[in-house]
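Visitor: Quick note on numbering: the sequence shown equals residues 1 to 138 in the UniProt record's numbering.
We put the CB at the ideal spot given by N, CA and C, even for glycine.
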Amino acid sequence: VGVKCEVLECEDTSLTPNRLQFTVDPSCLAAPRTEARGGELFTEAIEAVLMEAYHGNGDVISNMDKLILSKQFMWKVYVDIVIQQYGGNILDAIFIAVKAALLDTRITHLALVAQDEGKFNIECGESTETNFFRLEAA
Numbered sequence: 001v002g003v004k005c006e007v008l009e010c011e012d013t014s015l016t017p018n019r020l021q022f023t024v025d026p027s028c029l030a031a032p033r034t035e036a037r038g039g040e041l042f043t044e045a046i047e048a049v050l051m052e053a054y055h056g057n058g059d060v061i062s063n064m065d066k067l068i069l070s071k072q073f074m075w076k077v078y079v080d081i082v083i084q085q086y087g088g089n090i091l092d093a094i095f096i097a098v099k100a101a102l103l104d105t106r107i108t109h110l111a112l113v114a115q116d117e118g119k120f121n122i123e124c125g126e127s128t129e130t131n132f133f134r135l136e137a138a
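This is the structure in structure tokens:
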């Protein structure tokens with residue numbers, strides 16, 4: 001599982017509820033087994049389960065509000081899952097790997113400085129070693 005983060009500009013961050021995006025891909029070793037289960041439909045079903053788990057009614061990530069920088073800027077978190085082998089309970093293995101990857105991810109604290117004509121400048125602190133937060137996944 002790999003996690004990437006980027007600052008996203010949008011009209012209104014409150015209208016963008018999905019701050020995490022999941023992508024599931026089988027490796028060449030696992031592809032024959034996932035194809036037997038429906039291939040693309042199988043990976044889309046796993047992505048849908050992850051979206052429901054992390055964006056549903058529960059608070060899986062208690063500090064999700066830290067991803068909001070302002071009304072127009074937010075962190076978008078991309079979670080890429082590669083299925084290396086297919087055996088056992090694949091869904092449990094994916095959930096454990098996603099949780100571990102999210103807990104290990106450091107997201108830098110940023111400051112938005114207003115510029116002319118409604119534009120903003122994004123500034124990062126001096127030290128990225130201490131100027132970060134982690135997502136608190138339950």
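Any contact of the region 44 to 53 with the region 89 to 100, i.e. 3+ C-beta pairs under 8 Å?
Guide: yes
Visitor: I need the straight-line Cα distance from GLN72 to GLY88, nearest angstrom please.
Guide: 43 Å
Visitor: May I have the straight-line CA-CA distance separating residue 157 from MET64, to the nearest angstrom?
Guide: Residue 157 falls outside the range modelled here, since the chain spans only 1 to 138, and no answer is possible.
Visitor: Where does THR43 sit, in a helix, a strand or coil, going by DSSP?
Guide: helix
Visitor: Locate the alpha helix (DSSP H) running through ASP104, then write down its first and last residues.
Guide: 90 to 104
Visitor: For the beta strand (DSSP E) containing GLN72, list its first residue and its last residue.
Guide: Careful: GLN72 lies outside any beta strand (DSSP E) and carries neither H nor E.
Visitor: Beta strand (DSSP E) containing GLN21: first to last residue?
Guide: 20 to 26
Visitor: If we count Cβ pairs, one from each stretch, closer than 8 Å, do we get three or more for the region 1 to 16 versus the region 75 to 89?
Guide: Between the region 1 to 16 and the region 75 to 89, the count of C-beta pairs closer than 8 Å reaches three or more; the two stretches touch.
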